[in-house]
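Student: Sharing a structure, written as structure tokens. Questions coming.
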Amino acid sequence: GAGVSQSPRYKVAKRGQDVALRCDPISGHVSLFWYQQALGQGPEFLTYFQNEAQLDKSGLPSDRFFAERPEGSVSTLKIQRTQQEDSAVYLCASSLVPGIGETQYFGPGTRLLVL
Amino acid sequence: GNSVTQMEGPVTLSEEAFLTINCTYTATGYPSLFWYVQYPGEGLQLLLKATKADDKGSNKGFEATYRKETTSFHLEKGSVQVSDSAVYFCALYTGFQKLVFGTGTRLLVSP
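First to last, the sequence lines map onto chains A and B. In this text, residue positions in the first sequence follow our numbering: the first is 1, and each later residue adds one. In this text, residue positions in the second sequence follow our numbering: the first is 1001, and each later residue adds one.
In structure tokens, the structure reads:
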């Protein structure tokens, strides 16, 4: 596709449920990022992949959060035993190559609401 | 640590008014600086960027100049339109493979 796509666009989960959020980056993009955006705030970094390697997961808030990109393209962010504080928009971004001036292209996000 | 501070919103302007949204940053090293825009119901889109001091990024009538001496990257537009109503995010990238964003500034333009 032409841009980064994410699914589902909206997800409602009961507290304690597991959820899986999918990201399809732009074809050929080496770098993939996940960000969390709370209501009224800027996005905050969660994790970074270069191809299939997860090189930085310093932003994951707890061990309930897990991300993978097994074949270096599609990525999944999984949240286990969801809590109300996990409610946010989860953004995926990709860039062609790693680099300080490289543009990150963002998907539309998945809005997660935990009840 | 690395951080970005943006002016509080909302910024409310009439069509054709001059726009300034302030952004200052704290960073180690020499960051690249970005402005992203989020239109209602849409994802973040890159508006403009600058990768070194004194560079000016520009796009769609918006401009921002990378000022190392004042650690600033203020966004300006000479004449705003209703269609510019959106949330604007200033961000920096220091080479640790992550963008650091400000909290965003909502712009509302009335006809």
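Each residue gets a CB set at the ideal place from its N, CA and C atoms; glycine is no exception.
In chain B, what lies closer than 8 Å to Y48 of chain A by C-beta?
Tutor: As a first step, residue 48 of chain A must be located in the first sequence, where it is residue number 48. Residues of chain B passing the Cβ test: Q1097 and K1098.
Student: Can you give the beta carbon distance from Q17 of chain A to T82 of chain A, rounded, assuming they're within the 8 Å contact cut?
Tutor: Position 17 of the first sequence holds residue 17 of chain A. Position 82 of the first sequence holds residue 82 of chain A. At roughly 5 Å, the Cβ-Cβ gap stays under 8 Å, so Q17 of chain A and T82 of chain A are in contact.
Student: Using a Cβ cut-off of 9 Å, pull out every chain A residue sitting near E1008 of chain B, in sequence order please.
Tutor: Numbered from 1 along the second sequence, position 8 holds the residue referred to as residue 1008 of chain B. The premise fails here: E1008 of chain B is roughly 11 Å from chain A at the closest Cβ pair, so nothing lies under 9 Å.
Student: Since L1099 of chain B and A1091 of chain B are thought to touch, with beta carbons under 8 Å apart, how far apart are those beta carbons, to the nearest angstrom?
Tutor: To locate residue 1099 of chain B, count along the second sequence from 1; it is residue 99. To locate residue 1091 of chain B, count along the second sequence from 1; it is residue 91. Right, their Cβ atoms sit about 5 Å apart.
Student: What are the boundary residues of the beta strand (DSSP E) that includes Y1093 of chain B?
Tutor: As a working mapping, residue 1093 of chain B is identified with position 93 in the second sequence. Looking at the DSSP string, the run of the beta strand (DSSP E) that includes Y1093 of chain B is A1086 to Y1093.
Student: If we ignore side chains and look at the alpha-carbon of each, how far apart do T1094 of chain B and E1016 of chain B end up?
Tutor: Numbered from its first residue, the second sequence carries residue 1094 of chain B at position 94. Numbered from its first residue, the second sequence carries residue 1016 of chain B at position 16. One C-alpha to the other measures close to 35 Å.
Student: Tell whether a beta-carbon distance below 8 Å holds between V30 of chain A and N51 of chain A.
Tutor: For this step, residue 30 of chain A is matched to residue 30 along the first sequence. For this step, residue 51 of chain A is matched to residue 51 along the first sequence. A contact, by the Cβ cut-off of 8 Å.
Student: Compare the C-beta of F45 of chain A with all C-beta atoms of chain B and state if any pair is closer than 8 Å.
Tutor: Start at 1 with the first residue of the first sequence, and residue 45 of chain A comes out as number 45. Closer than 8 Å: yes.
Student: Along chain A, in chain order, which residues have C-beta atoms closer than 8 Å to that of E1042 of chain B?
Tutor: Along the second sequence, read from residue 1 onward, the residue named residue 1042 of chain B stands at position 42. P108, listed in chain order.
Student: Pull the bridge partners of Q41 of chain A from the DSSP assignment, please.
Tutor: For the purposes of this step, residue 41 of chain A is taken as the residue at position 41 of the first sequence. Q41 of chain A is not bridged to any residue.
Student: Are any of the Cβ atoms in chain A nearer than 8 Å to that of T1105 of chain B?
Tutor: Residue 1105 of chain B sits at position 105 when you count from the first residue of the second sequence. It does not: the Cβ of T1105 of chain B has no partner Cβ on chain A nearer than 8 Å.
Student: Is there at least one Cβ from chain B nearer than 8 Å to P8 of chain A's Cβ?
Tutor: In the first sequence, counting from the first residue as 1, residue 8 of chain A sits at position 8. No, because no Cβ of chain B sits closer than 8 Å to the Cβ of P8 of chain A.
Student: F1089 of chain B versus chain A: which residues are under 9 Å apart at the beta carbon?
Tutor: Start at 1 with the first residue of the second sequence, and residue 1089 of chain B comes out as number 89. Simply G42 and P43.
Student: Just to confirm my understanding: we take L1033 of chain B, look at its own chain, exclude 5 residues before and 5 after, and list those with CB closer than 6 Å. What are they?
Tutor: Counted from its first residue, the second sequence places residue 1033 of chain B at position 33. Closer than 6 Å at Cβ, skipping near neighbours: A1050, Y1066, F1073 and L1092.
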